[in-house]
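Q: Residue numbers (the numbering used here): 420 to 639. Here you go, one structure.
Below you can see the structure in the form of structure tokens.
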């Protein structure tokens, strides 16, 4: 019995050591035409809510150039204290996404915050990471298109629902285009390692309007 327990303990230790030593790369491997659809639910200052659905379709990939992704908000509801407002969804957007998963501009005008939530949740470093490895975030948009700084780390590699998943946790300051007050956010995002697709993310912290909590979830 003692021998079996010893063997089991050694096996578990070997598995843990292998996982810790493993390096992963979160660079997107999506093909032209691939579509990801996300549900977004955000709450601000316990009063203001935004819910929406956004389709992200890869339209162009050129080596050495930003990936072009068509973003379209197909469902959108904005409410205050439970009462829906008259505002409509943000206009469709052709986003030119860089190697970190961010568009050229982080613009929250015209309810573009739903796109910005997906963008910052999708941030990933260019380098390979092992569990516990940290990375620095120091990003500036094109033509004063926003600023995002902070740090992050690979917290976990797991298998769930037949998928191999990387879990990133970041603490950021993000100032959208044309604004001066930064948002302070803690972001936990899960990525499918097969193709780099964002699976889900939780964003929480404070923005200029107050406390902020948001979830971004891939629709299967």
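Don't be surprised by glycine CBs; every beta carbon is placed ideally from N, CA and C.
Who are the Cβ neighbours of residue 582 in its own chain at under 6 Å, not counting the five residues just before and after it?
A: Here the set comprises 611.
Q: For residue 456, which residues in the same chain have their Cβ closer than 6 Å to its Cβ, ignoring the five residues on either side in sequence?
A: These residues qualify, in order along the chain: 474, 638.
Q: Determine the direct distance from the alpha carbon of residue 513 to that of residue 496, and round the result to whole angstroms.
A: Going from the Cα of residue 496 to the Cα of residue 513 covers about 22 Å.
Q: Whole angstroms is fine: what's the gap from residue 528's alpha carbon to residue 595's?
A: When rounded, the distance between both Cα atoms is 9 Å.
Q: Residue 613 by DSSP, collapsed to three states: which one?
A: Residue 613 falls in the coil class under three-state DSSP.
Q: According to DSSP, is residue 503 part of a helix, a strand, or is it coil?
A: Reduced to three states, the DSSP call for residue 503 is strand.
Q: Pick helix, strand or coil for residue 533, following the three-state DSSP scheme.
A: It is helical.
Q: Rounded to the nearest angstrom, what separates residue 462 and residue 498 at their Cα positions?
A: The alpha-carbon atoms of residue 462 and residue 498 are separated by roughly 10 Å.
Q: If I measure Cβ to Cβ from residue 569 and keep anything under 7 Å in the same chain, skipping five residues before and after, which residues do I get?
A: Closer than 7 Å at Cβ, skipping near neighbours: 556, 589, 590, 591, 592.
Q: Along the chain, where does the beta strand (DSSP E) that runs through residue 542 open and close?
A: Where residue 542 is concerned, there is no enclosing beta strand (DSSP E), given that its DSSP letter is neither H nor E.
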